[in-house]
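**Student:** Dropping a structure here in structure tokens format, bear with me for questions.
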């Protein structure tokens, strides 16, 4: 708990609240320098030996400033590499990835197909791959294998999709009969499946933390604005109609955050538990961001004011890692099975 | 023994005791009882808890069997009660929490010696705070107390009306807030008295609630005499005493209720199955959303208690816990009412004193007890916005 507080403090110092959407390249360098890429690794693998809540704390703080750096995919790749004993030169890969060589991955399912002739070949498109322009490889999962794909290969094309969310960059990565180099196979069969499952859960946790960090910051910005803005000879923050809306938003954010920290430290939480958390958190973020623009009034509609950036990020977060409907349905099914009569 | 080992040992003890002693068929039993029989059943369960040492774990050591428990220990006890799905102690709640805390923090030694042991023997207290025109704005209460000498005795003579007194129809005594002065700030003229419910001039009428329960009463006080020595604190200092009364419960109830609601999700699962909706995506999504909301309500109730244990509670935290629980309870009962279909519109027996009974329309109606009672949702929003978010208060006076 104390360690986690220290991480929050360190992150707030490195990424101050008044600098939203900090430049990507400088942020990425700083993240590597801070040692945050080592967060999920056990101590004997050169990591910090902290619990899963440590990385969650950083994602939470980076969500507050609308971080532009791809920490979530990077940490997932680090964990995949660390969990792959059969990967040729595993230690070297882990060192590269924790040192700031970005390995990215798709945040929504792609349509990859695996064929086997002289070698394993992959074809298809991976959507929502963050920061593919600065990554050396993408980590891909298909039909029982996990493999690294060099993004500069002739069989790979990378094309950016312009987003409404200006704080992040996502790419489509298309593989055309891409031959998988045997020494780039991270895992096969059960191991590959287990890694994919576990990391899918980690992604949900990272996104949930980003959502609630962002929701906290957007709400704080809104409350501060209402305290400053005067109409009818009084600050808007004095009107009960507006105060009560802020109180309700605060209640939603804090209650969802309580579940975030509980699940972040719960080793038994299933992928669906974490997905249900992400659904809750992203919906709270959406609500707070939606209300934040309304409560800012006219200025909230302008590009000049940053509150809109939270709304755009919130709407993207609703989709990444699986939609609200997807996770709610899975959570409903899981609970129904668990509460068998 | 480490703290964790100690708590887990306690958990084992409580669980074993509950296995042997907790009522099992109460949900069915309560349905066929009259309200008075329900009160009797509550007395029996309370007596069992006193004997087991679990009725007043929060009292200081030595004052009750099993008392002197830390908040962390109390949390374990309540977690186990929620797990065992025991009936809530509605009848004795005001006695063991509000009354006891009032005596312990503000009472004289004589009052403590006289009233605390009696509570364990079954003497029940109710609260005479709210009035028809003093609800959220409690300090504007008007129930009048005049100090007089009657038959050589110094007494307060009380005239007025009280309302929303939980289980007052069965109470022996009442924690009463009265106005002894209308000078100065409205809080300054309030005095805290202890009233015998059998005193001449006290009349109590249960209020029929929208779902058919009678959890609350209104009280009419007509020239009721209360001896001056039955005052807590000084005359005109009753407001401060009432704050001690109201802050007596430290978050355990909402934790217990949140976990009970989490357990009662099985009732929704039963409905989904009974209606063959296991593959209805819309229903599954609504259920999945509710499950996450319930988990979140449990997590915030847990965190609140842990913060209290660690001494890092912030102002407004309690309001967040209450507003979360009460809203999720509404969502829970609404989903049940919806899935239950027309069957829920046919009247069925209610289970007294419980919030997640599976009589969905009744549960829905009863959920207002948590958005309105105990400081309404709107008052909590004021606390949150003004004290946690530090948004400015509205001007105190206004003119049309």
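Chains as they are written, first to last, in the working numbering: chain A, 2 to 342; chain B, 186 to 585.
Yeah, the Cβ is synthetic: ideal placement off N, Cα and C, and Gly gets one too.
#1: Quick one: which unbroken beta strand (DSSP E) runs of 3-plus residues sit fully inside the segment 128 to 177 of chain A? Chain order, please.
#2: Would a check of beta-carbon distances place residue 267 of chain A closer than 8 Å to chain B?
#3: What separation, rounded to the nearest whole angstrom, lies between the Cα atoms of residue 217 of chain B and residue 224 of chain B?
#4: For residue 330 of chain A, which residues of its own chain have a beta-carbon under 7 Å away from its beta-carbon, when the five flanking residues on both sides are left out?
#5: Please classify residue 377 of chain B as buried or exposed, where buried requires at least 16 neighbouring CB atoms within 10 angstroms.
#6: Go ahead and pull the three-state DSSP assignment for residue 377 of chain B.
#7: My understanding is that residue 155 of chain A touches residue 64 of chain A, with C-beta atoms under 8 Å, so please give their C-beta distance in whole angstroms.
#8: Using a beta-carbon distance below 8 Å, is residue 234 of chain A in contact with chain B?
#9: Go through its chain and collect everything with a Cβ distance to residue 231 of chain B's Cβ below 8 Å, but skip five positions before and after it.
#10: So what does residue 344 of chain B bridge to, in DSSP terms?
#11: Per DSSP, what are the beta-bridge partners of residue 125 of chain A in this structure?
#12: Leaving out five residues before and five after residue 435 of chain B in sequence, what residues of the same chain have Cβ atoms less than 7 Å from its Cβ?
#13: Quick one: residues in its chain with C-beta nearer than 8 Å to the C-beta of residue 346 of chain B, no 5 flanking neighbours on either side, listed in chain order?
#14: How would you write the range of the alpha helix (DSSP H) that residue 228 of chain A sits in, first residue to last?
#15: For the segment 275 to 286 of chain A, which residues have a CB atom closer than 9 Å to at least one CB atom of chain B, in sequence order?
#16: With DSSP as the reference, please indicate the residues paired to residue 299 of chain B in a beta bridge.
#17: Near residue 181 of chain A, what residues of its chain come up, given a Cβ to Cβ distance below 8 Å and the 5 sequence neighbours on each side ignored?
#18: Who are the neighbours of residue 227 of chain A on chain B, taking C-beta pairs under 8 Å?
#19: Work out the CA separation of residue 529 of chain B and residue 400 of chain B for me, nearest whole Å.
#20: By the criterion of Cβ-Cβ separation under 7 Å, what are the contact partners of residue 466 of chain B in chain A?
#21: How is the alpha helix (DSSP H) around residue 202 of chain B delimited, first residue to last?
#22: Residues in the segment 307 to 319 of chain B with C-beta within 7 Å of chain A's C-beta atoms, listed in sequence order?
#23: Report yes or no: is there a C-beta of chain A within less than 8 Å of the C-beta of residue 523 of chain B?
#24: Are the C-beta atoms of residue 276 of chain B and some chain A residue less than 8 Å apart?
#25: So, at 8 Å on beta carbons, what are the nonlocal neighbours of residue 206 of chain B in its own chain, with the 5 sequence-adjacent residues on each side left out?
#26: Within 8 Å of any Cβ in chain A, is that where the Cβ of residue 474 of chain B sits?
#27: For residue 60 of chain A, report the span of its beta strand (DSSP E) as first-last.
#28: Going by DSSP, name the residue or residues bridged to residue 432 of chain B.
#29: With H, G and I counted as helix, E and B as strand and the rest as coil, what does DSSP make of residue 233 of chain A?
#30: Mind checking which residues open and close the beta strand (DSSP E) that includes residue 478 of chain B?
#31: Can you list, in chain order, the residues of its chain with a C-beta nearer than 6 Å to that of residue 268 of chain B? Leave out the 5 residues immediately preceding and following it.
#32: Could you say which of A/161, A/174, A/307, A/28 lies nearest to residue 141 of chain A if we only look at CA atoms?
#33: With the cut-off set at 8 Å, would you say residue 59 of chain A and residue 8 of chain A are in Cβ contact?
#34: Using only alpha-carbon positions, find the residue among B/472, B/571, B/286 that is nearest to residue 449 of chain B.
#35: Can you tell which of B/498, B/413, B/261 has its C-alpha closest to the C-alpha of residue 342 of chain B?
#36: Is the distance from the Cβ of residue 284 of chain B to the Cβ of residue 262 of chain B below 8 Å?
**Tutor:** With the given structure in hand:
#1: 138 to 143, 146 to 151, 157 to 162
#2: no
#3: 13 Å
#4: none
#5: buried
#6: strand
#7: Between residue 64 of chain A and residue 155 of chain A the Cβ distance is about 37 Å, and since that is not below 8 Å, they are no contact.
#8: no
#9: 240, 274, 276, 277, 307
#10: B/329, B/407
#11: A/176
#12: 256, 493
#13: 316, 317, 328, 403, 404, 405, 406
#14: 190 to 229
#15: 277, 278, 280, 281, 284
#16: For residue 299 of chain B, which the question treats as bridged, DSSP gives no partner whatsoever.
#17: 120, 121, 122, 123, 146, 148, 150
#18: 576
#19: 22 Å
#20: 330
#21: 188 to 206
#22: none
#23: no
#24: no
#25: 233, 237
#26: yes
#27: No beta strand (DSSP E) holds residue 60 of chain A; the alpha helix (DSSP H) holding it covers 53 to 65.
#28: In DSSP, residue 432 of chain B forms no bridge with anything.
#29: coil
#30: First-last for residue 478 of chain B: 466 to 495, but that is the alpha helix (DSSP H), not the beta strand (DSSP E).
#31: none
#32: A/174
#33: yes
#34: B/472
#35: B/413
#36: no
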